[in-house]
Every structure is written in structure tokens, then in C-alpha cells.
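All residue numbers for the sequence shown refer to this note's numbering, where the first residue is 6 and numbers rise by one. In this text, a Cβ means the ideal position worked out from N, Cα and C, and glycines have one as well. In what follows, a structure is listed as C-alpha cells, so that the remarks can point back to it.
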Amino acid sequence: MFTATRDGYQLSTDPDRIDLGRVHHWLSTDAYWALGRSRETVARAFAGSIAFGVYRAGDGAQVAVARVVTDAATFAWLCDVYVARRERGRGLGSWLAGAARDHLAELGVRRILLATADAHGVYAKLGFIPVQPERWMELDQRLSR
């Protein structure tokens, strides 16, 4: 388990600390990529991932989240990075993504992917670069239904 403290916040990968109700609310009502996602889907997604949570040191309330889907050997997908609106502008999203990157590096994971519509600059500062589209393919099963 990974933990770190910074500026009155604690970051942890303890899955028991994730406030699933709060995370579901954030994702299903305010995250453009997950609007309307069911609580069951959020629960299954987090159960099969490494979850990173950020908590206020004073009251322990969760204020940010991210998860990583990985084989813990060669590949990882960073997703569902979300910072509560009241806590934005404090670098918590960058801290989360950087902690995930560093944790995965310790495991020996060589490639981390993510998708974003609006935070390219944040991730670029952490070393992420655009993928070469001719090398990647996607199957979006939502489109074939």
C-alpha cells in the first residue's frame, strides 16, 4: 500500500478508504467521460483496479480519486482522475497522476496510457505524450449496439 502526505492532504492506495458513494456521485454527475455511470459499474471498476484517493488530513474526507487498470507488469491505463470542484487549483490532480506514475514505475510497468479531452497540459508536465495514432486501434462496443 502506498501513502504520501502533502499540504494538509493524504494520498493513499488503501481500497478500504475509497468513499464509493462520493466517487460514484462525482463520476456519474460531473465527469464528462462517466456521466450516468451506475453505482454497480463504478464499484466493479474500482474493485478491479488500483485506486488512489486523496483525503483532507483534518477530517479525512475524500477530495480526489484516480484509478489504474493494470497487469502490474507491463501495461497500465490511468483513468477516472477526478478532483472535487472545491479542491481544484491545488495541484491534487497532478499529484494523483504523478503518484500513479511513480507507483507503476516501481512495479516495472513500462507503458501507461490515458485519455483526456481537457487536461493534456497537466499530463504533459508529468511526461505523457500523444500516442501515435497509426499504432493504436480501438474497439468501442458502445457504438456497435
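For phenylalanine 80, the uninterrupted beta strand (DSSP E) segment begins and ends at 80-88.
For leucine 101, the secondary structure class from DSSP, reduced to helix, strand or coil, is helix. A Cβ-Cβ contact shorter than 7 angstroms links isoleucine 117 with leucine 83. By the neighbour-count definition (other C-beta atoms within 10 Å, threshold 16), arginine 72 is a buried residue. Scanning its chain for C-beta atoms nearer than 8 angstroms, with the 5 sequence neighbours on each side dropped, one finds around threonine 10 the residues Leu16 and Ala62, in chain order.
Partner residues in a beta bridge of serine 33, as assigned by DSSP, do not exist. Under the DSSP assignment, valine 73 falls outside any alpha helix (DSSP H), being part of the beta strand (DSSP E) whose first and last residues are 67-75.
Judged by DSSP in its simplified three-state form, alanine 9 adopts strand.
About 18 angstroms separates the CB atoms of phenylalanine 133 and leucine 112; that is not less than 8 angstroms, and the two are not in contact.
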